[in-house]
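Residue numbers for the sequence shown follow the working numbering, so the first one is 316 and each next one is one higher. Note that the Cβ used here is the ideal one computed from N, Cα and C, for glycine as well.
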Amino acid sequence: MHTELIEGVVAPVRRSWADSNVASAIREQLRPRLRELGLFAGSGDLDFPGTANRYVPHLAVIPAALARTEGALLPEQTLLVVEVVPPGCTDTNHATSKRRRHAQFGAPVYLLVDRGERTWTLFTRPGEPDYTLVEGPYPLGFPIRLPAPLDVELATGEF
316 MHTELIEGVV
326 APVRRSWADS
336 NVASAIREQL
346 RPRLRELGLF
356 AGSGDLDFPG
366 TANRYVPHLA
376 VIPAALARTE
386 GALLPEQTLL
396 VVEVVPPGCT
406 DTNHATSKRR
416 RHAQFGAPVY
426 LLVDRGERTW
436 TLFTRPGEPD
446 YTLVEGPYPL
456 GFPIRLPAPL
466 DVELATGEF
């Protein structure tokens with residue numbers, strides 16, 4: 316089990332197989348483009364300096380050279396951050412807080428897949444206090460078009 320630091324509160328992170336399946340499906344669809352662009356998709360610590368926050372997203376896309384980093388990365392070093400919300404999750408305050416922190420610290424693209432609601436929402440154009448461009452929520456089954464440089468359409472039917 317992992318832990319995250321969310322606004323100063325240590326929170327256990329339990330990942331279900333179904334959550335991991337969504338992250339894996341996204342990674343598989345990205346794989347050809349990642350190879351082409353020299354990128355890596357995985358999961359590791361993201362730090363938010365000057366705040367009481369440290370998160371472990373379900374999936375993050377980063378330059379391959381950074382995949383050898385032992386410590387945490389900064390959100391601005393990512394190209395995509397993916398969070399999967401499991402069914403029955405009632406902690407919307409943490410989900411909103413995490414998204415806003417990613418925006419404040421420059422994560423360019425934040426994808427939220429809500430398995431309980433069976434929707435996805437894509438957040439781009441990070442700013443203060445939140446992302447300035449929001450696409451969705453759209454139902455799972457509706458494709459996601461990721462912006463450049465990834466420039467990939469993701470099928471969501473198997474999520």
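Using the beta-carbon count (16 or more within 10 Å), is residue i buried or exposed?
i    : result
D296 : With the chain covering only 316 through 474, there is no way to say anything about residue 296.
L448 : exposed
N408 : Confidence in N408 is poor, its pLDDT being 49 and thus under 50, which makes the residue's placement unreliable; the coordinate value appears in the next sentence. It counts as exposed.
L361 : buried
P364 : exposed
P441 : buried
Going by the beta-carbon positions, is the gap between residue i and residue j smaller than 7 Å?
i    : j    : result
G472 : G456 : yes
V376 : L354 : yes
P452 : T439 : no
A333 : R342 : no
P454 : H417 : no
R415 : P462 : no
S331 : P402 : no
Alpha helix (DSSP H) containing residue i: first to last residue?
i    : result
P347 : 332 to 352
Assuming residue i is part of the beta strand (DSSP E), what are its boundary residues?
i    : result
G365 : Element bounds for G365: n/a, residue is neither H nor E.
F474 : No beta strand (DSSP E) holds F474; DSSP gives it neither H nor E.
V400 : 395 to 400
V467 : Run containing V467: none; DSSP gives neither H nor E here.
If I'm right that residue i touches residue j with Cβ under 8 Å, what's the distance once you round it to whole angstroms?
i    : j    : result
T393 : A422 : 5 Å
A367 : E398 : Wrong, their Cβ atoms sit about 19 Å apart, outside the cutoff.
F474 : A340 : 6 Å
G359 : V371 : 7 Å
Which residue or residues does DSSP assign as beta-bridge partners of residue i?
i    : result
F438 : Y425, V449
V376 : A356, L395
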